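Visitor: Numbering (mature numbering (1 follows the signal peptide of the UniProt record, and there is no 0)), first residue to last: -22 to -1, 1 to 412. All C-beta atoms in this analysis are idealised placements derived from N, C-alpha and C, irrespective of residue type, glycine included. It should be emphasised that the depicted structure is a prediction, and the values quoted were computed from it without experimental measurement.
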Amino acid sequence: MTQRTRRSTFTLIAFTGVLAVAACAPSSDNDTKGSGDGGDAKATTLTVWSWRVEDEAAYNKIFDAYEAKHEGITVEFKPFKATEYNKVLATGLAGSDGPDVPQVRSYGQVEPTIASKSLVPLDGKVDLSGWDENVVNSAKSKADGKLYSVPLARQTVQMFYNKGLFEKNGISEAPKTWADFTAAGDKLLAGGVTPIAVGAKDDWTLPIVHEVLAAPRFGGAAFQEEVLTGKKSFTDPNFVASIDVFKQLAKYFPKNVTGVAVTDAQTLFSAEKAAMFPGGSFDMAVLKKANPKIDLGVFEVPAPTGSPEDKATTPGWADGNFAVNAKSPNQEAALELVKWMSTKEFGQMVADEVKQISAVPGVTYNDPLLKQMADNYEKSPSPYLLLTDFRYGTPSGTDLMGKGAQQLLLGSKTAEQVAADIDTGVKAWFKPSS
């Protein structure tokens, strides 16, 4: 199948309003669907569903390469709006018209899909030995410990910055110490530039901002082990102090920050009215496209004063995993595709075409920023804790932090109160390991 055909498939879906009717999952082309045992390879079409509309062209190129080496296999990539994807996928997997290979969420967010028995266990079928343990855990079920998907990417969070604005305001390099960081903020303020573009209206982004600005303050990976085993809780003084970093740095955020959406924050940055943007590696392509003229850089925010260890870190997690639909009539061919997604060949194409940090070990990066983010994570990794370990119940850690950070910035709660709310909230379902 050509790229034009794949694009027209999505265009048809989009313009016939299928996405707007989440109860009706799109159906596959019955005349191209292969048999369950893959008998007639020439007639086998595999459907891959995803929420990454913006990556359609990249995936078409990747699957063209797969088709070239797998005679008789056609891979049809169908992306849906991210805000509608979860419902569309659940409907598709519950019926007979779902994808052969669904892109699924990670960590706690994939548990309901696994619990519905919609995915094929991959233990003994896909080899992820030698992979980052934190990444592999994203694809496993907490209930039975089995592997149910192949991770696509490692996302990292860090500070993006405009090198030109730094230079114009007398800042010669990225900050190396907390004193350097706050001094840079003061210089930018004095120059009439918003130092840090934060969009606190969208509470989902605030746990990311917290990790970018303050992961070393609560202890990063060391705190993860302590809180998971019950040695510490979220009322620990260092975790409380990490939340208070929001308050300490609030003067560097846009005015009325809780009324600023994350898209507004990105616009401030791309319009060169703000010098820094705390975000994920997934934001890089968006920021570059918005203003290709910006001399874009990234850095790890230095450890705030009082941190358990005076060392910057790059928080990360796995995202965008691919699985095999248990109801697929093409399970054998779907499994072969998912197995290929664990290879270095696929991982390299993810880096080159999708512009993401591949989950596959040993991939190289031609984009210097992507390489820097990947290298930083390799050298000083820490988990995006509230996502990797505290999204397995309700209320989730990220929801609690998002709402709490908003309240802190509005002045209605203290850091101690926000920390207590997080601790109480997750204890409703979280049980420490022995």
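#1: Mind checking Asp297: buried by the 16 CB within 10 Å criterion, or exposed?
#2: Could you please give the first and the last residue of the uninterrupted alpha helix (DSSP H) stretch that includes Gln385?
#3: Hey, how far is the Cα of Leu206 from the Cα of Ala168?
#4: Closest to Asp33 by CA distance: which of Val328, Pro129, Leu348, Leu246 is it?
#5: Tell me, please, whether the stretch 161 to 178 touches the stretch 242 to 257 by the rule of three or more beta-carbon pairs shorter than 8 angstroms.
#6: Looking at Ala397: is its Cβ nearer than 8 angstroms to the Cβ of Ile221?
#7: Would you call the CB atoms of residue 415 and Leu315 closer than 8 angstroms?
#8: Output the distance between the C-alpha atoms of Met137 and Pro282, rounded to the nearest integer angstrom.
#9: With distances taken Cα to Cα, identify the nearest neighbour of Gln236 among Val113, Ala175, Ala219, Glu310.
#10: Return the CA-CA distance between Pro215 and Thr402, expressed in angstroms with no decimal places.
#11: Do Leu386 and Asp399 have their beta-carbon atoms positioned less than 8 angstroms apart in this structure?
#12: For Lys289, is the classification buried or exposed, using 16 other Cβ atoms within 10 angstroms of its Cβ as the cut-off for buried?
#13: DSSP state of Ala(-3), grouped into three classes?
#14: What three-state label does DSSP hand Trp156 in the structure shown?
#15: Hey, Val218 and Ala393 are a contact pair by Cβ (cut 8 angstroms); roughly how many whole angstroms apart?
#16: In this structure, how does DSSP classify Gly294 when only helix, strand and coil are distinguished?
#17: For the alpha helix (DSSP H) that Trp29 lies in, which residues bound it at each end?
#18: Identify whether Arg195 lies in helix, strand or coil by the three-state DSSP scheme.
#19: Please identify the residue among Gly389, Val66, Ala68, Gln87 whose C-alpha is closest to the C-alpha of Asn234.
#20: Could you check the C-alpha separation between Phe58 and Trp27 for me, to the nearest Å?
#21: To the nearest angstrom, how far is it from the Cα of Pro153 to the Cα of Gly108?
#22: What whole-angstrom Cβ distance do Pro77 and Asn308 have, given they're in contact under 8 angstroms?
#23: Is it the case that the Cβ atoms of Ala228 and Thr22 are separated by a distance below 8 angstroms?
#24: Grab the span of the beta strand (DSSP E) containing Gly257 for me, first residue to last.
#25: Pro4: buried (16+ other C-beta within 10 angstroms of its C-beta) or exposed?
#26: Just the C-alpha distance for Lys103 and Lys317, rounded to the nearest angstrom, thanks.
#27: For Val113, which residues from the same chain have a beta carbon less than 7 angstroms from its beta carbon, with the 5 sequence-adjacent residues on both sides left out?
#28: Assign Trp182 to buried or exposed, taking buried as 16 or more other Cβ atoms, counted over all protein chains shown, within 10 Å of its Cβ.
#29: Looking only at its chain, what residues have a beta carbon closer than 6 angstroms to the beta carbon of Asn269, apart from the 5 residues adjacent to it on each side?
#30: Can you tell me which residues form a DSSP beta bridge with Asn299?
#31: Between which residues of its own chain and residue 427 is the CB-CB distance below 7 angstroms, once the five residues before and five after are set aside?
#32: Please tell me whether Trp29 and Tyr63 are closer than 8 angstroms, where the distance is taken between their beta carbons.
#33: Could you give the residue range of the alpha helix (DSSP H) that holds Phe217?
#34: Note the first and the last residue of the continuous alpha helix (DSSP H) segment covering Met351.
Guide: The structure says:
#1: Translated into positions along the sequence shown, residue 297 becomes position 319. By the neighbour-count rule (16 or more Cβ atoms within 10 Å), Asp297 is buried.
#2: What you label residue 385 is simply residue 407 of the sequence shown in a count that begins at 1. First-last of the alpha helix (DSSP H) with Gln385: 375 to 388.
#3: The residue given as residue 206 occupies position 228 in the sequence shown. The residue given as residue 168 occupies position 190 in the sequence shown. Straight-line Cα distance between these residues: approximately 43 angstroms.
#4: Sequence index remark: in the sequence shown, residue 33 carries index 55 (1-based). Closest by alpha carbon: Val328.
#5: yes
#6: Here residue 397 is taken as the residue at index 419 of the sequence shown, counted from 1. Here residue 221 is taken as the residue at index 243 of the sequence shown, counted from 1. For Ala397 and Ile221, yes; Cβs fall inside 8 angstroms.
#7: The question about residue 415 has no answer here: the residues shown for the chain are numbered -22 through 412.
#8: The residue you call residue 137 lines up with position 159 of the sequence shown. The residue you call residue 282 lines up with position 304 of the sequence shown. Rounded to whole angstroms, Met137 to Pro282 spans 14 angstroms at the Cα level.
#9: Within the sequence shown, numbered from 1, the residue matching residue 236 stands at position 258. Just to set this straight, residue 236 is Thr in the shown sequence, not Gln. It is Ala175.
#10: Walking along the sequence shown from the start, residue 215 turns up at place 237. Walking along the sequence shown from the start, residue 402 turns up at place 424. Going by the C-alpha atoms only, they are around 16 angstroms apart.
#11: If you number the sequence shown from 1, residue 399 lands on position 421. If you number the sequence shown from 1, residue 386 lands on position 408. No. Outside cutoff.
#12: One-based indexing of the sequence shown puts residue 289 at position 311. Exposed.
#13: Within the sequence shown, the letter at position 20 stands for residue -3. The predicted position of Ala(-3) is uncertain, since its pLDDT is 37 and thus under 50; a value taken from the coordinates is nonetheless stated next. Ala(-3): helix per DSSP, three-state reduction.
#14: To locate residue 156, count along the sequence shown from 1; it is residue 178. Collapsing the DSSP output to three states places Trp156 in a helix.
#15: Working through the sequence shown from its first residue, we reach residue 218 at position 240. Working through the sequence shown from its first residue, we reach residue 393 at position 415. Yes, Val218 and Ala393 are in contact; Cβ-Cβ is about 5 angstroms, under 8 angstroms.
#16: As a position in the sequence shown, residue 294 is number 316, starting the count at 1. Correct three-state label for Gly294: strand.
#17: Position 51 of the sequence shown, counting from 1, holds the residue named residue 29. It is not in any alpha helix (DSSP H) - Trp29 carries neither H nor E in the DSSP assignment.
#18: Indexing the sequence shown from 1 puts residue 195 at position 217. Three-state DSSP puts Arg195 in a helix.
#19: Position 256 of the sequence shown holds residue 234. Ranking the options by Cα distance to Asn234, first place goes to Gly389.
#20: Within the sequence shown, residue 58 is the residue found at index 80, counting from 1. Within the sequence shown, residue 27 is the residue found at index 49, counting from 1. Distance between the alpha carbons of Phe58 and Trp27: 8 angstroms.
#21: As a working note, residue 153 is residue 175 in the sequence shown. As a working note, residue 108 is residue 130 in the sequence shown. When rounded, the distance between both Cα atoms is 34 angstroms.
#22: On the sequence shown, position 99 is the one that residue 77 refers to. On the sequence shown, position 330 is the one that residue 308 refers to. Not really, about 10 angstroms apart at Cβ, beyond 8 angstroms.
#23: For the purposes of this step, residue 228 is taken as the residue at position 250 of the sequence shown. For the purposes of this step, residue 22 is taken as the residue at position 44 of the sequence shown. No, Cβ-Cβ distance for Ala228 and Thr22 is not below 8 angstroms.
#24: The residue labelled residue 257 in the question sits at position 279 within the sequence shown. It spans 252 to 258 - the beta strand (DSSP E) in which Gly257 sits, taken as one unbroken run.
#25: In the sequence shown, the residue the question calls residue 4 occupies position 26. Note that Pro4 scores 36 on pLDDT, short of 50, meaning its location in the model is unreliable; the coordinates nonetheless yield the value given after this. Buried, by the Cβ-count rule.
#26: Counted from its first residue, the sequence shown places residue 103 at position 125. Counted from its first residue, the sequence shown places residue 317 at position 339. Roughly 8 angstroms separates the two Cα atoms.
#27: Position 135 of the sequence shown, counted from the first residue, corresponds to residue 113. Same-chain partners within the cutoff: Pro129, Arg132, Ala296, Ala337.
#28: Sequence index remark: in the sequence shown, residue 182 carries index 204 (1-based). Counting the other Cβ atoms within 10 Å of the Cβ of Trp182 gives fewer than 16, which makes it exposed.
#29: Within the sequence shown, residue 269 is the residue found at index 291, counting from 1. So the list reads Ser248, once near-sequence residues are dropped.
#30: Here residue 299 refers to the residue found at position 321 when the sequence shown is read from its first residue. Asn299 pairs with Val82.
#31: Past the edges of the chain, shown from -22 to 412, lies residue 427, and the structure says nothing about it.
#32: Your numbering for residue 29 matches position 51 in the sequence shown. Your numbering for residue 63 matches position 85 in the sequence shown. Result yes, Cβ atoms of Trp29 and Tyr63 sit closer than 8 angstroms.
#33: Numbered from its first residue, the sequence shown carries residue 217 at position 239. First-last of the alpha helix (DSSP H) with Phe217: 215 to 227.
#34: For the purposes of this step, residue 351 is taken as residue 373 along the sequence shown, with counting starting at 1. Going by DSSP, Met351 is part of the alpha helix (DSSP H) stretching over 346 to 357.
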